[in-house]
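Q: Just passing along the structure, written as structure tokens.
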Amino acid sequence: MSLLGRLRSHDDTKPWTGAYAPYDLVKELCIAIGVIALLAILLTVLFSSPDEKPSTIAQWSRQQPVNFVAAAARELDSTSPTATYGPPYNHNGEGQHIAFIYLQKWLGVSHPIDTANDFVIDPLRTIPNDPTLQSAIAQYLAAPEKTQKAWGEAYAKPLEEYETANEEKKTPPKTVALDPTTGAVTVQASGAGPVPTMMSSLLALAKSGGLDGSLLTSNQFFQTDYTKPLLFMADGGLLSERAEGQHLLGKQWGMMNETGSYPGQTWLWLYTLWYQVEPFKASSNADILVMLVMSALSLALICIPFIPGIRSIPRKIPIYRLIWKEHYRAQQGV
Amino acid sequence: MSATPARPPSWTGRVREAAVDALPPEKLLPDTQPTYVASWIYVFGVASIASLVVIIASGCILALKGPAWWHYTGVGHFFNSIHLWAVELFFFVMVVHLWGKYWMAAWRGGRTRVWITGAVTFLVAIPCALTGYVSQQNFDAQWIATQAKDGLNSVGVGAFFNVTNFGQMYSYHVLLLPATVVALVVAHVLLVRRHGVVPPFALEDRAAASGAASTERDATLAIAEGPSAAADGPSS
Amino acid sequence: MSVMGAIINLNHPAHVVEWHFIQLSVANIVVIGLMIVVFVLAIVLPFPGAARRRGESS
Chain P
1 MSLLGRLRSH DDTKPWTGAY APYDLVKELC IAIGVIALLA ILLTVLFSSP
51 DEKPSTIAQW SRQQPVNFVA AAARELDSTS PTATYGPPYN HNGEGQHIAF
101 IYLQKWLGVS HPIDTANDFV IDPLRTIPND PTLQSAIAQY LAAPEKTQKA
151 WGEAYAKPLE EYETANEEKK TPPKTVALDP TTGAVTVQAS GAGPVPTMMS
201 SLLALAKSGG LDGSLLTSNQ FFQTDYTKPL LFMADGGLLS ERAEGQHLLG
251 KQWGMMNETG SYPGQTWLWL YTLWYQVEPF KASSNADILV MLVMSALSLA
301 LICIPFIPGI RSIPRKIPIY RLIWKEHYRA QQGV
Chain W
1 MSATPARPPS WTGRVREAAV DALPPEKLLP DTQPTYVASW IYVFGVASIA
51 SLVVIIASGC ILALKGPAWW HYTGVGHFFN SIHLWAVELF FFVMVVHLWG
101 KYWMAAWRGG RTRVWITGAV TFLVAIPCAL TGYVSQQNFD AQWIATQAKD
151 GLNSVGVGAF FNVTNFGQMY SYHVLLLPAT VVALVVAHVL LVRRHGVVPP
201 FALEDRAAAS GAASTERDAT LAIAEGPSAA ADGPSS
Chain Z
1 MSVMGAIINL NHPAHVVEWH FIQLSVANIV VIGLMIVVFV LAIVLPFPGA
51 ARRRGESS
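Given below as structure tokens:
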């Protein structure tokens with residue numbers, strides 16, 4: 001048998017030549033709309049809907065000042081997840097791939113983000129009447145790249161040690177001091193150049209709410225693109241800490257979940273399942289791999305009528321006998 | 001008495017004639033159904049449409065007052081809740097409808113396109129919901145956007161579909177994707193009306209008794225096929 | 001954050017059921033369970049109008 005012959009199903013379905021009975025489709029639709037509307041209203045009255053307030057950079061900098069400063073230092077240093085992401089934000093990474101297919105890279109940088117300038121230097125430049133800060137910025141920008149890197153690493157090291165100690169529930173090193181009253185973070189790091197001054201000022205700007213605004217505005221007054229503040233926050237710990245509390249992390253099957261105890265997106269069960277199993281779980285290309293699998297399965301869903309075996313299961317497992325029981329009983333009676 | 005007009009048919013005339021040929025009024029809005037349409041499973045298709053109506057109606061009310069309204073008024077929150085629960089109901093009944101149609105093998109008898117439009121509707125509804133979730137302007141929206149971007153960026157879609165761009169996502173959610181879903185549902189329903197609800201499987205013994213040699217089957221199908229039972233695709 | 005007039009407050013961290021590598025919230029399990037129950041009921045329960053359909057087919 002040819003391939004086309006194999007793809008053709010042995011479909012012996014004949015057009016119906018039997019009896020018809022009255023069936024009011026429009027009335028059925030009106031009843032259905034009424035029932036669904038009532039159900040939706042009932043569920044609303046019983047449960048309402050969740051609305052967890054969004055996080056702001058101001059909150060992040062106040063609740064987790066050391067985490068904020070550490071993340072900001074990584075942005076300045078271009079070592080943060082956003083800075084090294086690659087397309088569509090920058091060319092500092094190749095992005096994910098399957099074999100030789102680098103879709104992320106091929107589609108290019110469509111939303112350029114230079115974390116050092118966009119998240120740190122440009123916002124700092126908006127702070128008026130602070131000659132010390134402006135001269136620190138000038139000093140940083142005038143230095144060669146090698147020097148900037150050395151300053152950044154010197155500053156980041158005690159912060160990394162502090163964060164690791166916190167994660168492992170050990171005593172944090174004294175090189176990082178957090179003033180409980182003012183929330184100011186002092187990092188003892190020799191060879192850090194103007195970086196400590198810049199970071200302290202950025203922390204103060206963040207706490208005032210100025211950094212939220214500064215990251216949102218760009219070269220136009222009206223703005224609806226929250227990419228920069230969201231990426232900066234996602235490089236820190238506040239969003240993920242809140243998410244973990246709400247069972248929204250990837251490893252918690254969070255893609256299916258809603259905040260609180262509300263039902264979520266149950267239809268994403270298969271999409272999130274792959275992330276929990278190997279080889280996807282440990283892969284640095286997990287996203288593109290899962291997308292490939294789900295695209296194939298989605299195509300398969302669309303093409304079920306053409307897939308031998310899958311299209312024959314309903315005939316072989318006779319659930320249809322329950323659905324059409326009245327019809328078959330009537331046929332037996334005739 | 002009425003003679004066929006001699007003038008060449010206009011585009012309008014041709015569209016009208018094609019539409020009426022494909023779906024004469026009594027086929028578009030029949031008031032009978034085959035007697036085998038006798039199961040509660042059949043209501044899940046219309047329930048899906050009903051859910052979509054409630055989603056769109058509540059969505060229109062939310063759109064009237066803008067995306068921030070529901071955060072600071074009780075009435076706004078009420079309609080947001082209806083919108084969210086209608087979405088949950090929509091996916092609930094649509095998937096039950098899909099299960100039913102699979103177990104009926106409802107693509108049979110030239111109904112491949114009915115299955116395809118239905119499956120594509122389901123798959124388009126998912127990004128439609130995603131754009132809604134990232135348009136909520138709350139913590140859930142922040143988290144979903146910063147997570148979903150990775151999946152989309154990995155396949156290059158993020159280069160032109162930016163889940164952290166609220167303005168873009170809101171536009172997709174309020175106009176582009178619902179319009180696509182509605183267009184797909186209309187095509188799906190019109191195809192169902194054209195081909196009719198899929199008949200039951202012939203029972204095994206009857207199929208065997210009818211002596212289904214392939215040539216005889218093809219001949220039978222050819223006789224049975226009329227203008228109202230146009231088969232398409234390889235499954236005919 | 002207030003929940004506008006909800007009778008049952010669902011704004012607390014979800015209870016999660018863990019089984020091997022599967023983690024599902026109770027709410028999602030309820031929804032999936034209900035879908036299966038509704039599907040079974042839909043194909044098992046008799047649909048009204050049987051007499052009318054029988055009358056037409058004779």
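Protein chains in written order, with this note's numbering: chain P, 1 to 334; chain W, 1 to 236; chain Z, 1 to 58. Glycine included, every Cβ here is placed at the ideal spot set by N, Cα and C. These numbers come from a predicted model, not from an experiment.
#1: From which residue to which residue does the alpha helix (DSSP H) around P/Y20 run?
#2: What are the uninterrupted segments assigned as alpha helix (DSSP H) that are 4 or more residues long and contained completely in the segment 15-68 of chain W, given in chain order?
#3: Does the beta-carbon of Z/H12 have 16 or more other beta-carbons within 10 angstroms, so that it is buried, or is it exposed?
#4: First and last residue of the beta strand (DSSP E) that includes Z/S25?
#5: With DSSP run on the structure shown, which of helix, strand or coil describes W/N138?
#6: In chain order, what residues of the same chain have a beta carbon less than 8 Å from the beta carbon of W/Y102, not counting five sequence neighbours either side?
#7: Considering only the beta carbon of each residue, do W/G118 and P/T13 sit closer than 7 Å?
#8: If the cut is a Cβ gap below 9 Å, which residues of chain Z does P/T56 touch?
#9: For the putative contact between W/G76 and Z/G5, defined by C-beta atoms under 8 Å, what is the C-beta separation to the nearest angstrom?
#10: Three-state secondary structure (DSSP) at P/L178?
#11: In or out: W/K149 buried (at least 16 other Cβ within 10 Å) or exposed?
#12: Taking Cβ-Cβ distances below 7 Å as the criterion, which residues of the segment 34-68 of chain P are in contact with chain Z?
#13: Does any C-beta atom of chain P lie closer than 7 Å to the C-beta of Z/L10?
#14: Nearest to W/L46 by CA position, among W/F91, W/C60, W/I82, is which residue?
#15: Would you identify the three-state DSSP class for P/W16, choosing helix, strand or coil?
#16: Name the chain P residues that come within less than 9 Å of Z/P48, Cβ to Cβ?
#17: My output table needs one value for P/T266: the three-state DSSP class, helix, strand or coil.
#18: Against chain Z, with Cβ distances strictly below 7 Å, would P/L322 count as a contact?
#19: Which partner residues of Z/E18 appear in the DSSP bridge assignment?
#20: Could you tell me the boundaries of the alpha helix (DSSP H) in which P/T132 lies?
#21: Taking DSSP as the reference, what is the three-state secondary structure of P/T171?
#22: Can you find a C-beta in chain Z that's less than 7 Å from the C-beta of W/F122?
#23: Would you say the beta carbon of P/L141 is closer than 6 Å to some non-hydrogen atom of the ligand GTP?
#24: Quick one: residues in its chain with C-beta nearer than 7 Å to the C-beta of P/N166, no 5 flanking neighbours on either side, listed in chain order?
#25: Specify the secondary structure class of P/I127 as computed by DSSP and reduced to three states.
#26: Identify the contact partners of P/I307 in chain W, using a Cβ-Cβ distance below 7 Å as the criterion.
#27: Taking the alpha-carbon positions, what's the W/S210 to W/L203 distance?
#28: Rounding to the nearest angstrom, what Cα-Cα distance links W/D21 and P/V35 in this structure?
#29: Establish whether the CB of Z/I36 and some CB of chain P are separated by less than 7 Å.
#30: Excluding the 5 residues preceding and the 5 following P/T227 in the sequence, name in chain order all residues of the same chain whose CB lies nearer than 7 Å to its CB.
#31: How far does the alpha helix (DSSP H) with W/T112 in it extend, from its first residue to its last?
#32: Can you say whether Z/I8 is buried or exposed, counting buried as having 16 or more other CB atoms within 10 angstroms of its CB?
#33: Give a yes or no on whether 7 Å exceeds the smallest Cβ distance from P/A21 to chain Z.
#34: Under 8 Å Cβ-Cβ, which residues of chain W neighbour P/R242?
#35: List in chain order: all unbroken beta strand (DSSP E) runs of 3+ residues lying wholly within the segment 18-95 of chain P.
#36: Rank W/A125, W/N162, W/G132, W/V120 by C-alpha distance to the C-alpha of P/A300 and give the top, closest one.
A: Working from what's here:
#1: Walking along the first sequence from the start, residue 20 of chain P turns up at place 20. Segment 20-22 is the beta strand (DSSP E) holding P/Y20; no alpha helix (DSSP H) there.
#2: 25-28, 43-65
#3: As a first step, residue 12 of chain Z must be located in the third sequence, where it is residue number 12. Z/H12 should be labelled exposed.
#4: Sequence index remark: in the third sequence, residue 25 of chain Z carries index 25 (1-based). Counting along the chain, the beta strand (DSSP E) containing Z/S25 begins and ends at 22-25.
#5: Walking along the second sequence from the start, residue 138 of chain W turns up at place 138. Coil, per DSSP.
#6: Residue 102 of chain W sits at position 102 when you count from the first residue of the second sequence. Contacts found: none.
#7: The residue given as residue 118 of chain W occupies position 118 in the second sequence. The residue given as residue 13 of chain P occupies position 13 in the first sequence. W/G118 is not a Cβ neighbour of P/T13, given a cutoff of 7 Å.
#8: Locating residue 56 of chain P in the first sequence gives position 56, counting from the first residue. Under the 9 Å cutoff, chain Z gives no residues; its nearest Cβ is about 15 Å from P/T56.
#9: Your numbering for residue 76 of chain W matches position 76 in the second sequence. Your numbering for residue 5 of chain Z matches position 5 in the third sequence. Not confirmed; about 13 Å, so no contact.
#10: The residue you call residue 178 of chain P lines up with position 178 of the first sequence. The answer is strand: DSSP assigns P/L178 an E or B state.
#11: Taking the second sequence and counting its residues from 1, one reaches residue 149 of chain W at position 149. The residue is buried, with at least 16 neighbouring Cβ atoms inside 10 Å.
#12: V45, L46, F47, S48, P50, D51, E52, K53
#13: One-based indexing of the third sequence puts residue 10 of chain Z at position 10. Answer yes: the Cβ-Cβ gap between Z/L10 and chain P drops below 7 Å somewhere.
#14: Here the question's residue 46 of chain W lines up with position 46 in the second sequence. Note that residue 46 of chain W is Val in the sequence shown here, rather than Leu. The shortest Cα separation from W/V46 among W/F91, W/C60, W/I82 belongs to W/F91.
#15: Taking the first residue of the first sequence as 1, we reach residue 16 of chain P at position 16. Coil.
#16: Within the third sequence, the letter at position 48 stands for residue 48 of chain Z. None at all; the shortest Cβ gap to chain P is about 11 Å.
#17: Numbered from 1 along the first sequence, position 266 holds the residue referred to as residue 266 of chain P. DSSP places P/T266 within a helical segment (H, G or I) once states are collapsed to three.
#18: Start at 1 with the first residue of the first sequence, and residue 322 of chain P comes out as number 322. At least one chain Z Cβ lies under 7 Å of P/L322.
#19: Numbered from 1 along the third sequence, position 18 holds the residue referred to as residue 18 of chain Z. In DSSP, Z/E18 forms a bridge with Z/Q23.
#20: Residue 132 of chain P sits at position 132 when you count from the first residue of the first sequence. Its alpha helix (DSSP H) spans residues 131-142.
#21: As a position in the first sequence, residue 171 of chain P is number 171, starting the count at 1. P/T171 falls in the coil class under three-state DSSP.
#22: One-based indexing of the second sequence puts residue 122 of chain W at position 122. Taking Cβ atoms only, chain Z never reaches closer than 7 Å to W/F122, which makes this a no.
#23: Judged by which ligands are present, the structure shown has none, so any question about the ligand GTP falls away.
#24: Position 166 of the first sequence, counted from the first residue, corresponds to residue 166 of chain P. The residues are P172.
#25: Numbered from its first residue, the first sequence carries residue 127 of chain P at position 127. Looking at P/I127 - three-state DSSP - the assignment turns out to be coil, as it is neither helix nor strand.
#26: What you label residue 307 of chain P is simply residue 307 of the first sequence in a count that begins at 1. The premise fails here: P/I307 is roughly 11 Å from chain W at the closest Cβ pair, so nothing lies under 7 Å.
#27: For this step, residue 210 of chain W is matched to residue 210 along the second sequence. For this step, residue 203 of chain W is matched to residue 203 along the second sequence. Legend: pLDDT at W/S210 = 43, less than 50; position of this residue unreliable, value from coordinates given subsequently. Cα to Cα, the separation comes out at about 11 Å.
#28: The residue given as residue 21 of chain W occupies position 21 in the second sequence. The residue given as residue 35 of chain P occupies position 35 in the first sequence. Spanning the two alpha carbons is a distance of roughly 35 Å.
#29: Here residue 36 of chain Z refers to the residue found at position 36 of the third sequence. Not closer than 7 Å to any Cβ of chain P, the Cβ of Z/I36 fails to qualify, so no.
#30: Here residue 227 of chain P corresponds to residue number 227 of the first sequence, with the count starting at 1. So the list reads H111, once near-sequence residues are dropped.
#31: Counted from its first residue, the second sequence places residue 112 of chain W at position 112. Run containing W/T112: 112-133, per the alpha helix (DSSP H) assignment.
#32: By 1-based counting over the third sequence, the position of residue 8 of chain Z is 8. Z/I8 comes out exposed.
#33: Stepping through the first sequence from its first residue, residue 21 of chain P is reached at position 21. Cβ-Cβ to chain Z under 7 Å: yes for P/A21.
#34: Against the first sequence, residue 242 of chain P aligns to sequence position 242. The contacting residues are F139, W143.
#35: Segments of the beta strand (DSSP E) lying fully in the segment 18-95 of chain P: 20-22.
#36: One-based indexing of the first sequence puts residue 300 of chain P at position 300. Checked all of W/A125, W/N162, W/G132, W/V120; the closest Cα to P/A300 is W/V120.
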